[in-house]
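A short write-up of the structure that comes next.
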Amino acid sequence: MLGKIVPEADAAVIKKSYAKQRLVFTNGCFDILHVGHIRYLTAAKQLGDILVVGLNSDDSVRQLKGPDRPINSETDRAEILAALTVVDHVVIFRELRVSRLVTLLKPDLYVKGGDYCIDSLDRGEVDALRSVGAEIKIVPLVPGRSTTRLINAIQNT
Numbered sequence: 009m010l011g012k013i014v015p016e017a018d019a020a021v022i023k024k025s026y027a028k029q030r031l032v033f034t035n036g037c038f039d040i041l042h043v044g045h046i047r048y049l050t051a052a053k054q055l056g057d058i059l060v061v062g063l064n065s066d067d068s069v070r071q072l073k074g075p076d077r078p079i080n081s082e083t084d085r086a087e088i089l090a091a092l093t094v095v096d097h098v099v100i101f102r103e104l105r106v107s108r109l110v111t112l113l114k115p116d117l118y119v120k121g122g123d124y125c126i127d128s129l130d131r132g133e134v135d136a137l138r139s140v141g142a143e144i145k146i147v148p149l150v151p152g153r154s155t156t157r158l159i160n161a162i163q164n165t
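Its first residue numbered 9, the sequence shown is counted upward by one per residue in our numbering.
Quick look at the structure:
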């Protein structure tokens, strides 16, 4: 039986374990979890049966967000996400893009927050999603909620 935190090398087993269920996949840094993340993940879970969260590794977060990030380590972030009842599995990925993980998971649905649109998604990721037949859905963003905003508020107090 799979644990909630699954090594990337075992990601293909997730799809096989839930062959008859709708697998929803999303990804992100999830550095400091906030209500926007909770609502986003809850909305994603409601679109299918199994929710898998791809979690950026510490190195990839640094490349995406800068040298002072992440605030929380990848192991802490994975454990926090895994503690959420709406999250079925967490997979830490090392690349900047999720294309490789998509080909392993073969999700039925890929969900991103409203700060993205189909045209702003990475072309390689979109190609990988289309190659496995995944639908792409954008869920509304919770206004005024972001990790960067929280960090700035803390630094300015």
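Every residue, glycine too, gets a C-beta built ideally from N, C-alpha and C.
Looking at the DSSP output, residue 101 shares a beta bridge with 64. In the three-state reduction of the DSSP assignment, residue 94 falls in the coil class, being assigned neither a helical nor a strand state.
For residue 146, the uninterrupted beta strand (DSSP E) segment begins and ends at 143-147.
The shortest C-alpha to C-alpha distance from residue 108 to any of 64, 149 and 91 is the one to 64. Residue 120 is bridged by DSSP to 146. Going by beta carbons, residue 99 and residue 134 fall outside the 8 Å limit.
Residue 137 has its alpha-carbon roughly 20 Å from the corresponding atom of residue 96.
Excluding five sequence positions before and after residue 130, the CB atoms of its chain that fall closer than 6 Å to its own CB belong to 105, given in chain order. Our two residues, residue 71 and residue 27, have alpha carbons roughly 35 Å apart in a direct line. If the five residues before and after residue 73 are omitted, its C-beta is found closer than 7 Å to the C-beta atoms of 37, all from its own chain and listed in chain order. Less than 8 Å divides the Cβ of residue 13 from the Cβ of residue 90.
Residue 13 has 98 as its beta-bridge partners, per DSSP. Following the DSSP letters along the chain, one finds residue 21 inside the alpha helix (DSSP H) bounded by residues 19-25. About 16 Å separates the beta carbon of residue 19 from that of residue 117, a gap too long to meet the 8 Å contact definition. Per DSSP, residue 32 lies in no alpha helix (DSSP H) segment; the continuous beta strand (DSSP E) that holds it begins and ends at 31-36. Exclusion of the five residues before and after residue 16 leaves 99 and 101 as the residues of its chain whose Cβ lies within less than 6 Å of its Cβ.
For the options 30, 157 and 82, the alpha carbon positioned closest to that of residue 66 is the one of 82.
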